[in-house]
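Numbering (UniProt numbering), first residue to last: 1 to 109.
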Amino acid sequence: MGVTKSEIFSESQNQIATVAKVLGHPARIAILQQIIKAKSCICGDLVSEIGLAQPTISQHLRELKNIGIIKGDIEGTRVCYCIDEKKWDEIRDLLATFFQQDICGKDCC
Numbered sequence: 001m002g003v004t005k006s007e008i009f010s011e012s013q014n015q016i017a018t019v020a021k022v023l024g025h026p027a028r029i030a031i032l033q034q035i036i037k038a039k040s041c042i043c044g045d046l047v048s049e050i051g052l053a054q055p056t057i058s059q060h061l062r063e064l065k066n067i068g069i070i071k072g073d074i075e076g077t078r079v080c081y082c083i084d085e086k087k088w089d090e091i092r093d094l095l096a097t098f099f100q101q102d103i104c105g106k107d108c109c
C-alpha cells in the first residue's frame, strides 16, 4: 500500500480528510451525539450509554480529542469530556464550505 503524500494537497484538503477520517466511525458519532445530548460535560457515562468497552471508548475519545472537537478536564481520577465549541464551529464551517460548492453545470451527465 502506498504512502499518502499529504504535502501535495492543500491545507484545506488535508483538514477535510482528517476530520472525515475521524468522523468516519459510527462510535465516534455516537459519542459526539451523547455529549451533545447531555448539554454538558460527560464524566464516565459513555460506556453504559454506548455499550462499548472502556478501552474502546477511550480510543475513540482520543481520536476525537486529537482533532480538537472535544476537550477533556481531569476531575480526580476521571476525565470529563465536552464539545470544544470553537473547534466545532471551525469544523462545521470547513465542511459547509466544501459541501456548498457547485457540483454540476446545466450539461452535467
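Backbone N, C-alpha and C fix where the C-beta goes; we use that ideal spot for every residue, glycine too.
{"Item": "Nearest candidate by alpha-carbon position, reference L32, set S12, L64, I8", "Value": "L64"}
{"Item": "R28 burial status per 10 Å Cβ neighbour count (16 or more: buried)", "Value": "buried"}
{"Item": "Straight-line gap, K21 to S12 (C-alpha atoms, nearest Å)", "Value": "14 Å"}
{"Item": "Among K5, Q15, S40, the one whose alpha carbon lies nearest that of C80", "Value": "S40"}
{"Item": "Which residues DSSP lists as bridging C82, in chain order", "Value": "K71"}
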